[in-house]
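Colleague: Quick one: this structure, given as structure tokens, is what I'll be asking you about.
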Amino acid sequence: MMFESVQTFNHPKSAMTHNYRITLLPGDGIGPEIMTVAVEVLKVVGKKFDIQFEWKEALIGGAAIDATGEPLPCSTLDICRNSDSILLAAIGGYKWDSLPSNLRPEAGLLGLRAGLGLFANLRPAKILPQLIDASTLKKEVVEGVDILVVRELTGGIYFGQPRGIFATETGEKRGVNTMAYTESEIERIGRVAFEAARKRGKKLCSVDKSNVLEVSQLWRDRMTKLAKEYPDVELSHLYVDNAAMQLLRYPKQFDTIVTGNLFGDILSDAAAMLTGSIGMLPSASLGASGPGVFEPVHGSAPDIAGQDKANPLAQVLSAAMMLRYGLNEATAADHIESSVLQVLQNGLRTGDIMSPGMNLLGCRAMGEALIKTLEGA
Ligand code: NAD
């Protein structure tokens, strides 16, 4: 089990009662289809491990815009705040693309993260032996890769002030963004990463650009000081350009990576693509206290929405992450993860991970196969 201290810190009550209030945010596109599968899976493991869930569904993204005019209605944020964990599917779609940015579905997601103070984004990128051929990299390069990227989510250049496009004295326009981190912001994401690394391979690589940026010098300095409190975790540092190169050259060298918002945005996508299958990747966003948000890495896939073609497994694995990191129910999480592997082992595939000789299933049928495996195992 990973990350126990952060979980316990977040949910002392839940760890004892096995009774949880879960907010479901199905959102748009394939969201409702994959959410249905994940909820069925949670019901089955709930029965098996004596866990009670109380569900509340709420609106976010395009669905919320259509119903209320806003991407994140206050009622949704209230429901989320009063729950133990939040399972989100995906938001967005062509229909809302022309709205101003503060009214687009994506604003709902940013508002949710800000409203809940979710400063840590955890994205595992693990090569599943059954899907090794889905990677664009050579088998010997990706075999055995199991990386967790811990990205700072609420600071850095995406939020720093000043920002904007200003006129210079000559009348030319100048675009400005500011990359800034305080020591306490660095320390809190550092602690999350050290705790996670401690429960994994005990290796943490901090990524920065301290040869050029002062903000990175402070980052490196704080991480190095923090390492003294985690003598069992081996800390290393890489410049971001080298980290990107190493991820492609020899990804197996990494266990846990911690980095800021911008570098993390880029590196977590690169790490994710090592696996070659976006329909398989879950993520977690956590704060210092209160509920976390668990969601697939992929978007709402409007091109296949409503056609029963979506891969529900990233959503299901997000539910497993919710059990593990949000609710301290590692045994149930393990059961889901091993059942997903079993289904793949049985040669069952949705279109996005299909390969010759395998059996092609739709979203619903994949869900049914998984339920059978969960009940049987
Ligand atoms: P996307 O992840 O939705 O789709 C990219 C490609 O991957 C598409 O071909 C899609 O069919 C496929 N795909 C994605 N998930 C799949 C799944 N579970 N099963 C099978 N195939 C899958 O990214 P996009 O096309 O860039 O964005 C579509 C919409 O999603 C946009 O409105 C975007 O803003 C939004 N989006 C939302 C989130 C989120 O909710 N966190 C993340 C990324 C994009």
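In this text, residue positions in the sequence shown follow the working numbering: the first is 6, and each later residue adds one.
Idealized CB from N, CA, C, for every residue including glycine.
(1) Using a 10 Å radius around the Cβ and a threshold of 16 neighbouring Cβ atoms, would you call residue 326 buried or exposed?
(2) Determine the contact status of residue 30 and residue 125, defining contact as a CB-CB distance below 8 Å.
(3) Quick check: what's the CA-CA separation for residue 13 versus residue 331?
(4) With distance defined between alpha-carbon atoms, name the residue in 245, 148, 262 nearest to residue 135.
(5) Report all residues for which the CB-ligand distance to some heavy atom of the ligand NAD is below 5 Å; order them along the chain.
(6) Measure the C-alpha to C-alpha separation of residue 218 and residue 229 and round it to an integer number of angstroms.
(7) Which term fits residue 52, buried or exposed, when burial requires 16 or more other beta carbons within 10 angstroms of its beta carbon?
(8) Could you check where the alpha helix (DSSP H) with residue 198 kicks off and where it finishes?
(9) Between which two residues does the beta strand (DSSP E) containing residue 213 stretch?
(10) Would you kindly work out how many angstroms separate the C-alpha atoms of residue 295 and residue 215, rounded to a whole number?
(11) Residues in the same chain with beta-carbon distance under 8 Å from residue 280, minus the five sequence neighbours each way, listed in chain order, please.
(12) What is the C-beta distance between residue 33 and residue 97, in whole angstroms, given that I count them as a contact (C-beta under 8 Å)?
(13) What's the C-alpha gap between residue 175 and residue 77?
(14) Determine, using beta-carbon pairs with one atom in the segment 261–280 and one in the segment 59–74, whether at least three such pairs fall under 8 Å.
(15) What whole-angstrom Cβ distance do residue 194 and residue 263 have, given they're in contact under 8 Å?
(16) Cα-Cα, which of 187, 350, 242 is closest to residue 362?
(17) Sort 181, 241, 162 by Cα distance to residue 171 and report the nearest one.
(18) With H, G and I counted as helix, E and B as strand and the rest as coil, what does DSSP make of residue 166?
(19) Between which two residues does the alpha helix (DSSP H) containing residue 224 stretch?
(20) Kindly list the residues whose CB is nearer than 6 Å to the CB of residue 84, restricted to its own chain and excluding five residues on each side of it in sequence; keep chain order.
(21) Should residue 24 go down as buried or exposed, given a rule of 16 or more other Cβ atoms within 10 Å for buried?
(22) Pick out the complete beta strand (DSSP E) segments inside the segment 344–373, 3 residues or longer, and give them in chain order.
(23) Just list the beta strand (DSSP E) runs in the segment 278–328, keeping only unbroken ones of 3 residues or longer that don't cross its boundaries, in chain order.
(24) Are any of the Cβ atoms in chain C nearer than 8 Å to that of residue 243?
(25) If I measure Cβ to Cβ from residue 17 and keep anything under 7 Å in the same chain, skipping five residues before and after, which residues do I get?
(26) Between the Cα of residue 373 and the Cα atoms of 40, 271, 46, 268, which residue gives the shortest distance?
(27) Please classify residue 190 as buried or exposed, where buried requires at least 16 neighbouring CB atoms within 10 angstroms.
(28) Distance, Cα to Cα, residue 328 vs residue 43?
(29) To the nearest angstrom, how far is the alpha carbon of residue 22 from that of residue 334?
(30) Let's see if you can read the secondary structure: which residues bound the alpha helix (DSSP H) around residue 110?
(31) Which of helix, strand or coil does DSSP assign to residue 377?
(32) With which residues is residue 264 paired in a DSSP beta bridge?
(33) Let me know the secondary structure DSSP gives residue 7 once reduced to three states.
Modeller: Let's see:
(1) Residue 326 is buried by the Cβ-count criterion.
(2) no
(3) Note that residue 13 scores 33 on pLDDT, short of 50, meaning its location in the model is unreliable; the coordinates nonetheless yield the value given after this. Cα to Cα, the separation comes out at about 9 Å.
(4) Answer by Cα proximity: 148.
(5) 95, 96, 97, 284, 303, 304, 305, 306, 308, 309, 315, 316, 357
(6) 17 Å
(7) exposed
(8) 188–203
(9) 208–213
(10) 33 Å
(11) 130, 131, 132, 133, 136, 139, 140, 147, 150, 286
(12) Contact flag correct, Cβ pair sits at about 6 Å.
(13) 41 Å
(14) no
(15) 6 Å
(16) The candidate whose alpha carbon is nearest that of residue 362 is 350.
(17) 181
(18) strand
(19) 219–232
(20) 28, 61, 63
(21) Under a 10 Å Cβ-count criterion, residue 24 is classified as exposed, with fewer than 16 other Cβ atoms of the shown protein chains found around its own Cβ.
(22) none
(23) 287–291, 298–301
(24) Going by chain labels, chain C is absent from the structure shown, which holds only one protein chain.
(25) Low confidence applies to residue 17: its pLDDT is 43, below 50, so where it sits in the model is not reliable enough to give any reading.
(26) 46
(27) buried
(28) 12 Å
(29) 11 Å
(30) 110–120
(31) helix
(32) 156, 212
(33) Confidence is the limiting factor: at residue 7 the pLDDT is only 33, short of 50, which leaves the residue's position unreliable and the question unanswerable from this model.
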